[in-house]
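Colleague:
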Ligand code: ADP
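Residue numbers (full-length UniProt numbering): 466 to 752.
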């Protein structure tokens with residue numbers, strides 16, 4: 466009888482612990498939701514005044530009426546470019562908070578993969594020239610012409626990877642390769658996808674590389690491999706975390722290989738999405 470009473474007490478205790486844990490979880494979810502909403506609202510509210518700063522500083526910088534001295538015109542340019550940096554940061558924070566809240570929509574449609582290199586060249590050839598490094602691109606044979614995914618989000622991810630590659634490379638090259646992923650690798654990376662229908666887009670550079678003990682943290686929000694206060698490179702530390710979340714949203718992932726002083730390769734793997742799957746993702750987003 467004593468044993469029974471003891472068991473009864475214990476199970477009541479357990480039940481209480483369970484209830485209080487559930488309450489804690491609810492509170493945590495609630496405050497995470499508040500944080501996300503706050504970030505989204507704040508980002509939105511910041512953009513309106515910032516737009517005035519951007520437009521008006523641009524008008525000043527153009528100095529059409531020749532009323533400004535050269536120095537004043539340069540100040541206006543500095544304001545404009547600082548404003549632009551701020552806008553990029555705000556957009557990044559907004560994107561990240563949306564993905565975290567499951568509120569970022571994806572639009573699946575046919576994407577012409579063969580066009581990808583030329584689109585990206587148009588945007589990065591100038592940077593390459595300025596930094597005096599080569600930008601080479603390669604399209605593997607046997608690519609399907611049309612691939613179902615969210616083209617804009619793919620562009621966003623690859624642009625993030627390319628911006629990093631160019632930022633952290635001072636000598637050598639940045640190489641973009643578009644290919645189908647090897648089925649075996651695809652099966653192990655993305656078990657839910659059809660292994661012969663996974664696209665692999667990689668960005669390889671001969672830049673500064675990332676020390677092994679920093680590999681994990683570079684995908685975390687606001688984290689950078691060089692955490693010192695007087696960092697040499699700008700940036701927010703958000704690019705890779707957003708890219709990682711976006712890749713996951715598209716049913717894919719990003720891998721990284723890197724060696725300090727030698728270079729890095731980041732590869733985005735994404736499956737082709739059929740309509741059924743894209744509906745599923747949308748449903749998950751709405752839930
Ligand atoms: P940001 O570039 O704005 O700092 P990211 O999230 O894009 O933020 O990158 C996080 C960190 O990862 C960078 O600060 C850098 O330390 C490291 N990193 C990313 N890409 C590269 C690269 N191609 N070569 C060397 N380091 C890189």
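The beta carbon of each residue, even a glycine, is placed where N, CA and C say it ideally should be.
Give, in chain order, every unbroken run of the alpha helix (DSSP H) that is at least 4 residues long and sits entirely within the region 601-682.
Modeller: Secondary structure remark: continuous alpha helix (DSSP H) runs of at least 4 residues inside the region 601-682, in chain order: 616-632 and 648-654.
Colleague: Report all residues from its chain with a CB closer than 8 Å to the CB of residue 505; omit the five preceding and five following residues, and keep chain order.
Modeller: 559, 562, 563, 566 and 568
Colleague: Within 7 Å: the Cβ of residue 701 and any heavy atom of the ligand ADP?
Modeller: yes
Colleague: Inspect the beta-carbon positions of residue 614 and residue 737 and report whether they are closer than 8 Å.
Modeller: yes
Colleague: Does the distance from the C-beta atom of residue 622 to that of residue 729 stay below 8 Å?
Modeller: no
Colleague: Helix or strand or just coil, what does DSSP make of residue 739?
Modeller: coil
Colleague: Could you give the DSSP three-state label for residue 577: helix, strand or coil?
Modeller: strand
Colleague: Check whether the region 662-681 touches the region 621-638, taking contact to mean three or more Cβ pairs, one atom from each stretch, closer than 8 Å.
Modeller: yes
Colleague: Just the Cα atoms here: how many angstroms apart are residue 595 and residue 545?
Modeller: 21 Å
Colleague: Say the cut is 7 Å; is the CB of residue 683 nearer than that to a heavy atom of the ligand ADP?
Modeller: yes
Colleague: Does the Cβ-Cβ distance between residue 639 and residue 604 come in under 8 Å?
Modeller: For residue 639 and residue 604, no; Cβs fall outside 8 Å.
Colleague: Under 7 Å Cβ to Cβ from residue 571, same chain only, skipping five residues before and after it: list those, please.
Modeller: 615, 618, 714, 715 and 746
Colleague: Taking 8 Å as the threshold (C-beta atoms), are residue 703 and residue 557 in contact?
Modeller: yes
Colleague: Since I believe residue 683 is in contact with residue 675 (beta carbons under 8 Å), could you give me their beta-carbon distance rounded to a whole number of angstroms?
Modeller: Contact annotation, residue 675 with residue 683: C-beta distance approximately 6 Å; criterion of less than 8 Å satisfied.
Colleague: Nearest to residue 593 by alpha carbon, out of 495, 655, 690 and 634?
Modeller: Among 495, 655, 690 and 634, the Cα nearest to that of residue 593 belongs to 634.
Colleague: What does the alpha-carbon distance come out to for the pair residue 624 and residue 652?
Modeller: 26 Å
Colleague: Only counting the same chain, and skipping five residues up and downstream in sequence, which positions put a Cβ closer than 6 Å to that of residue 725?
Modeller: 674 and 676
Colleague: How about residue 555 and residue 522: do their beta carbons lie closer than 8 Å?
Modeller: Contact: no.
Colleague: For residue 710, count the other beta carbons within 10 Å of its own beta carbon; 16 or more makes it buried, fewer makes it exposed. Which is it?
Modeller: buried
Colleague: Taking a contact to mean a Cβ-Cβ separation below 8 Å, would you say residue 626 touches residue 602 in this structure?
Modeller: no
Colleague: Going by DSSP in three states, residue 519 sits in which element: helix, strand or coil?
Modeller: Note: residue 519 maps to helix in three-state DSSP.
Colleague: Taking the C-alpha atoms as reference points, what is the distance between residue 527 and residue 538?
Modeller: If you take the alpha carbons of residue 527 and residue 538, they lie about 8 Å apart.
Colleague: Helix, strand or coil for residue 501 per DSSP?
Modeller: helix
Colleague: Given a threshold of 16 other Cβ atoms within 10 Å of its Cβ, counted over all protein chains shown, does residue 732 qualify as buried or as exposed?
Modeller: By the 10 Å Cβ count, residue 732 comes out buried.
Colleague: Taking 8 Å as the threshold (C-beta atoms), are residue 734 and residue 654 in contact?
Modeller: Taking 8 Å as the cut-off, the beta carbon of residue 654 is found closer than this to the beta carbon of residue 734.
Colleague: Counting only beta-carbon atoms, is residue 653 nearer than 8 Å to chain C?
Modeller: The structure shown contains no chain C, having only a single protein chain.
Colleague: Could you tell me if the beta carbon of residue 549 falls within a distance shorter than 7 Å of some heavy atom in the ligand ADP?
Modeller: False, no ligand heavy atom lies under 7 Å from that Cβ.
Colleague: Who are residue 510's beta bridge partners in DSSP?
Modeller: DSSP, once it has assigned bridges, lists no residue as partnering residue 510.
Colleague: Would you mind sorting residue 479 into buried or exposed? The rule is 16 or more other CB atoms within 10 Å of its CB.
Modeller: exposed
Colleague: Would residue 612 and residue 576 qualify as a contact pair, given that the criterion is a beta-carbon distance under 8 Å?
Modeller: One thing to note: residue 612 has its Cβ within 8 Å of the Cβ of residue 576.
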